[in-house]
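Participant: Residue numbers (the numbering used here): 18 to 128.
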DNA sequence: TGCTTGACCGACG
DNA sequence: ACGTCGGCCAAGC
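1. In this structure, does DSSP put residue 65 in helix, strand or coil?
2. Do residue 93 and residue 192 count as a contact pair if the criterion is CB distance below 8 Å?
3. Suppose you measure from the CA of residue 75 to the CA of residue 83; what does that come to, to the nearest Å?
4. Select from 113, 120, 34 the residue whose C-alpha is nearest the C-alpha of residue 70.
5. Is DSSP giving residue 117 helix, strand or coil here?
6. According to DSSP, simplified to helix, strand and coil, what is residue 36?
7. Rounding to the nearest angstrom, what Cα-Cα distance links residue 86 and residue 120 in this structure?
8. What did DSSP end up calling residue 71 once you bin it into helix, strand or coil?
9. Under the three-state reduction of DSSP, which class applies to residue 110: helix, strand or coil?
10. DSSP has residue 76 in a bridge; who is on the other side?
11. May I ask you to report which of helix, strand or coil DSSP gives residue 11?
So, in structure tokens, the structure goes:
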């Protein structure tokens, strides 16, 4: 498996995150078939050129936080995009129990 | 070639 | 709620 293929699988999985929901780096890696390699998700996104039709902003870390330095341009952009979709931030964090993307087979989300 | 760096994670203190 | 540590491994130098 080439690195490019892995990145493609990661990006394909990111595309599946519905509007208004979020997923963690580790979650995306697992869904794409790379358990224990959350960094692969970060790497694939890092290499995604701006302008790509990809909901990269819906990917946050396992603590519910944005993985950019608070106050940075990237941080503010990601936060704004999420808020535009109705994802609320409380004390700089997203409530994963509420907004994390889950498959239909898993436990339903409380609204 | 070999070493360092990360848009990370989970466990543990 | 922090900080540290080991695991992970593609890229970059």
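Glycine included, each C-beta is placed from N, C-alpha and C at the ideal position. The model shown is predicted, which means the values in this text are computed figures rather than measured ones.
Facilitator: Based on what the coordinates show:
1. Translated into positions along the first chain, residue 65 becomes position 48. It is coil, neither helix nor strand.
2. Only positions 18 to 128 of the chain appear in this structure, which leaves residue 192 out of reach.
3. One-based indexing of the first chain puts residue 75 at position 58. One-based indexing of the first chain puts residue 83 at position 66. Their backbone Cα atoms lie some 10 Å apart in a straight line.
4. The residue given as residue 70 occupies position 53 in the first chain. That would be 34, whose Cα lies nearest to the Cα of residue 70.
5. In the first chain, the residue the question calls residue 117 occupies position 100. Looking at residue 117 - three-state DSSP - the assignment turns out to be strand.
6. For the purposes of this step, residue 36 is taken as residue 19 along the first chain, with counting starting at 1. It is coil, neither helix nor strand.
7. Within the first chain, numbered from 1, the residue matching residue 86 stands at position 69. Within the first chain, numbered from 1, the residue matching residue 120 stands at position 103. Just so you know, the alpha carbons of residue 86 and residue 120 end up roughly 30 Å apart.
8. What you label residue 71 is simply residue 54 of the first chain in a count that begins at 1. Under the three-state reduction of DSSP, residue 71 is assigned to coil, being neither helix nor strand.
9. Mapped onto the first chain, residue 110 falls at position 93. Correct three-state label for residue 110: strand.
10. One-based indexing of the first chain puts residue 76 at position 59. Bridge partners of residue 76: 40.
11. It is not possible to answer for residue 11, since the shown part of the chain is limited to 18 through 128.
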